[in-house]
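Contents: one structure, followed by commentary.
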Amino acid sequence: MIRIINLIGKISLNTFNNLGKIILFFFMSFFWLFKKPFYFKQFLFQFLDIAFYSLPVVGLTTFFSGMVLALQTYSGFDNFNDESTISKIVLTSILRELGPVLAGLMVCGRVGAKMAAEIATMRVSSQIDALETLSTRPIQFLISTRLLASILAVPFLVLIGNIIGVFGGFVVATFKLDLNPVLYMISTTDNFNSIDLIQGLIKALVFGIIISIVSCYFGFNASGGAEGVGRATTISVVTASTLILTSTYFITALFI
């Protein structure tokens, strides 16, 4: 029994210790955003990598999610199979939850893993130490640019994903479920609520911070050669994904 308590205490202390270090890491990265020099090329490269190259996977995921949501709504609400009900549920679900969460998880799996692996490789190969010898602040050059790129790119992906997801629901509703396309579009427009969109964008902003900071933190503190790179990448993706799914609840609770 004592061993179990000791184990729980050890895990709890390690968790809060890492959480505190991640928070400090975020404030340091955010602080250096406002200090010169600003590495625009590095920022632009990271923004394109996140926003442009993640667009196909985010678009495909949200498109089919919207299609599935329309089908499930149609089959689950037997007495309300009209354009208004289906369009409202698809629109609200995509804007509030599915769009931000799916985009966040896709970016986490594609970009978060890449960030962690790149920075961890630089750490174990002493490239980060070399930056310091060249009078370049590693956090400002590597982390702050990725943080800013994620803050701007993830909400952009969520906006595009929302449009594609709603369109996916429209495709299924009109071509498979034989609903009136004009009435469906009118109902979608009438049910649009700016608060739902704002809620989703706030989640996207938080997810962008989580993905960049968590991935960069574990990569920046990696050790142990190739094995350490793999370990840092795995931990970063699992931790960021868990925080995304956890934070979405608390953000949703704020709007209810």
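First residue of the sequence shown? That's 1247 in my numbering, and the numbers climb one at a time after it. Backbone N, C-alpha and C fix where the C-beta goes; we use that ideal spot for every residue, glycine too.
| query | result |
| --- | --- |
| Pair every Cβ in the stretch 1342 to 1354 with every Cβ in the stretch 1401 to 1419, then say whether three or more of these pairs are closer than 8 Å. | yes |
| For Val-1475, report the span of its alpha helix (DSSP H) as first-last. | 1471 to 1500 |
| I believe Ile-1304 touches Ala-1349 by the beta-carbon criterion, under 8 Å. Please report the beta-carbon distance rounded to the nearest angstrom. | Before going on, a small fix: residue 1304 reads as Val here, not Ile. Contact holds; Cβ gap of about 5 Å. |
| Alpha carbon to alpha carbon, how far is Gly-1312 from Ile-1340? | 7 Å |
| Ends of the alpha helix (DSSP H) at Phe-1273? | 1248 to 1277 |
| Put Asp-1424 into one of helix, strand or coil per three-state DSSP. | coil |
| Give the DSSP-derived three-state secondary structure of Thr-1382 in the structure shown. | coil |
| Give a yes or no on whether the C-beta atoms belonging to Gln-1292 and Arg-1369 are separated by under 8 Å. | no |
| Where does Asp-1442 land, buried or exposed, given buried means 16+ other C-beta within 10 angstroms? | buried |
| How about Val-1357 and Ile-1268: are their beta carbons less than 8 Å apart? | no |
| What residue range does the alpha helix (DSSP H) around Ala-1316 cover? | 1301 to 1322 |
| Under a three-way DSSP split, which group does Ser-1371 fall into? | coil |
| Cα-Cα, which of Glu-1378, Phe-1272, Ile-1257 is closest to Ile-1455? | Phe-1272 |
| Does the distance from the CB of Ala-1395 to the CB of Phe-1289 come in under 8 Å? | yes |
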